[in-house]
Amino acid sequence: MVKAIVGANWGDEGKGKITDLLAEQSDVVVRFQGGANAGHTIICDYGKFSLHLLPSGVFYPHTMNIIGNGVALNVESLMRELRSLEDGGVPMPKLMISERAQILMPYHVLFDAYEEERLGGKAFGSTKSGIAPFYSDKYAKNGIQVADLAAPERLHSRLEYICQLKNVMLEHLYHKPLLDVELLYDQLMSYRDSIWPYVGDTVTYLHNAIRDGKTVLLEGQLGSMKDPDLGIYPFTTSSHTVAGFGCVGACVPPHTLQDVLCVTKAYSSSVGSHAEPFVCELTGEAGEELRRRGGDAGEYGATTGRPRRVGWFDAVATRYGCAVQGATQVALTCLDVLGYLDEIKVVTAYEIDGELTDVFPVPARLERAKPVFTTLPGWKCDIRGCTDYSALPAEAKGYVDFLEAQIGVPITMVSTGPKRHEITRRR
Numbered sequence: 521m522v523k524a525i526v527g528a529n530w531g532d533e534g535k536g537k538i539t540d541l542l543a544e545q546s547d548v549v550v551r552f553q554g555g556a557n558a559g560h561t562i563i564c565d566y567g568k569f570s571l572h573l574l575p576s577g578v579f580y581p582h583t584m585n586i587i588g589n590g591v592a593l594n595v596e597s598l599m600r601e602l603r604s605l606e607d608g609g610v611p612m613p614k615l616m617i618s619e620r621a622q623i624l625m626p627y628h629v630l631f632d633a634y635e636e637e638r639l640g641g642k643a644f645g646s647t648k649s650g651i652a653p654f655y656s657d658k659y660a661k662n663g664i665q666v667a668d669l670a671a672p673e674r675l676h677s678r679l680e681y682i683c684q685l686k687n688v689m690l691e692h693l694y695h696k697p698l699l700d701v702e703l704l705y706d707q708l709m710s711y712r713d714s715i716w717p718y719v720g721d722t723v724t725y726l727h728n729a730i731r732d733g734k735t736v737l738l739e740g741q742l743g744s745m746k747d748p749d750l751g752i753y754p755f756t757t758s759s760h761t762v763a764g765f766g767c768v769g770a771c772v773p774p775h776t777l778q779d780v781l782c783v784t785k786a787y788s789s790s791v792g793s794h795a796e797p798f799v800c801e802l803t804g805e806a807g808e809e810l811r812r813r814g815g816d817a818g819e820y821g822a823t824t825g826r827p828r829r830v831g832w833f834d835a836v837a838t839r840y841g842c843a844v845q846g847a848t849q850v851a852l853t854c855l856d857v858l859g860y861l862d863e864i865k866v867v868t869a870y871e872i873d874g875e876l877t878d879v880f881p882v883p884a885r886l887e888r889a890k891p892v893f894t895t896l897p898g899w900k901c902d903i904r905g906c907t908d909y910s911a912l913p914a915e916a917k918g919y920v921d922f923l924e925a926q927i928g929v930p931i932t933m934v935s936t937g938p939k940r941h942e943i944t945r946r947r
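Here it is, written out as structure tokens:
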């Protein structure tokens, strides 16, 4: 059986905790897209960890963790993560890297920074992790596959061709130092020495695991609003963040994907450019208070440390986000964060050019959208750590019921804290 865990919103929904929780009952966990540009924070028996490339099943000795062919593999970042696990006393996890994954090269990071510098005030708010240049090269067929590390002549030839293209841009557009083929080749050979013990044929492994009845969990990065086709373009990432792409990025047959668990927060948050439309945004002292109380240590990016934009729950965006993911169930996180509020607002419609709509619009119209709120009573008490849904205050359960009715997908889990088992079950 194949399940997917994906984000309904802008990312930062708490997917890491939910994946970690479900990985306990999974045989395989697969990262199927994205790179080290976003992180999943997990608090477990070993402590607190931020994972960027490693799947969230690495804390279980029985779980095979796969970095799929759809991932942007930053080798140096991966090795740092493995060392952080070792330093934290975590046993070496079972890990397999797809031989078909492509390597995020050092020049991808440089080009990302150079482009943001060139754009100045019109920049997209990139994490400068090299993700957009990586995927641009992948689809322009200028990438380096992991398998190329075992074919030195092919690799050197590929680098010669790539450097010829890149150096034209470096010289004439960015006015930066040129790339050296030999230095890049030597660096890739050092990468081979680091990762080769983990490299394998993940396509065959996963197909065999599914045939044998294993439980496979697909772990997505970011959320629906960051998908380059279905999100708030151009303020998106460069890989597809929807569950359907798991069938490509992990290479599992579409008919095997039976369950899509969408994760959303009890309020909204987003890391990215302030030029991006964020209809539900809460600013000023109220916004700063929510940001300070949010998550485990406030609403700050797990990768960049940047303060996240925060706002009320956006039912219009979340309903759309669940729809494009094909959600079969929803996990609601961070409900405990809202316990300080007398009343809680929910965005239930948008006003665009004087007309009301509850349909999430394309970016060109979203820029003109204003929020329409419904106000609900708060519960004014601390529910952190509660594991019995029936024991929650009536107002908290009423809030969950209201959100469920708005998004049209069953909310089966409600998280009441950042730790692994601080969660309640509704179904």
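If you read the sequence shown in the numbering used here, its first letter stands for residue 521, the second for the next number, and so on. Cβ coordinates follow ideal geometry from the N, Cα and C atoms, glycine included.
From the DSSP output, in three-state form, read off residue i for me.
| i | result |
| --- | --- |
| Ala795 | coil |
| Met521 | coil |
| Ala884 | helix |
| Leu738 | strand |
| Ile752 | coil |
| Lys939 | strand |
| Ser570 | strand |
| Phe893 | strand |
| Ile682 | helix |
| Ile623 | strand |
| Glu924 | helix |
| Asn662 | coil |
| Asn529 | coil |
| Phe579 | coil |
| Asp721 | coil |
| Met584 | strand |
| Arg812 | helix |
| Pro653 | helix |
Using a threshold of 9 angstroms, state whether the C-beta atoms of residue i and residue j are closer than that.
| i | j | result |
| --- | --- | --- |
| Thr838 | Gln926 | yes |
| Gln845 | Ser744 | yes |
| Gly831 | Cys782 | no |
| Gly814 | Cys854 | yes |
| Val591 | Gln553 | yes |
| Ser649 | Asn589 | no |
| Met599 | Asp779 | no |
| Gln622 | Gln684 | no |
| Gly766 | Ala524 | yes |
| Leu698 | Leu690 | yes |
| Gly559 | Gly577 | no |
| Val836 | Phe922 | no |
| Gly534 | Ala851 | yes |
| Ser618 | Val719 | yes |
| Val799 | Asp834 | yes |
| Val879 | Leu912 | no |
| Tyr694 | Arg638 | yes |
Who are the Cβ neighbours of residue i in its own chain at under 6 angstroms, not counting the five residues just before and after it?
| i | result |
| --- | --- |
| Phe631 | Pro653 |
| Leu886 | Pro797 |
| Pro575 | Val549, Arg551, Asn585 and Glu739 |
| Glu801 | Arg829 and Gly831 |
| Glu680 | Val701 |
| Gly937 | Asp856, Arg904 and Gly905 |
| Ile563 | Pro938 and Lys939 |
| Pro883 | Ile752 and Tyr753 |
| Asp657 | Gly663 |
| His628 | Gly650, Pro653 and Phe654 |
| Ser789 | Asp532, Glu819, Arg828 and Val830 |
Can you list, in chain order, the residues of its chain whose CB lies under 7 angstroms from that of residue i, leaving out five sequence neighbours each side?
| i | result |
| --- | --- |
| Gly898 | Leu858, Leu861, Asp862, Glu863, Ile864 and Glu915 |
| Gly928 | Arg839 |
| Ile730 | Val522, Val736, Val772 and Thr776 |
| Ile872 | Pro881, Arg885, Arg888 and Ala889 |
| Ala543 | Val549, Ser576, Gly577, Tyr580, Thr583 and Leu737 |
| Ser714 | Val595 and Met599 |
| Glu809 | none |
Should residue i go down as buried or exposed, given a rule of 16 or more other Cβ atoms within 10 Å for buried?
| i | result |
| --- | --- |
| Glu875 | exposed |
| Asp747 | buried |
| Tyr580 | buried |
| Met709 | exposed |
| Gln545 | exposed |
| Trp716 | exposed |
| Ala763 | buried |
| Phe893 | exposed |
| Thr757 | buried |
| Tyr566 | exposed |
| Ala786 | buried |
| Asp732 | exposed |
Looking only at its chain, what residues have a beta carbon closer than 8 angstroms to the beta carbon of residue i, apart from the 5 residues adjacent to it on each side?
| i | result |
| --- | --- |
| Thr907 | Thr936, His941, Glu942, Ile943 and Thr944 |
| Leu573 | Arg551, Gly555, Ala556, Ile587, Val591, Leu593, Asn594, Ser597, Leu598 and Glu601 |
Legend entry - the region 607–617 contacting the region 573–587, beta-carbon criterion three pairs below 8 angstroms: yes
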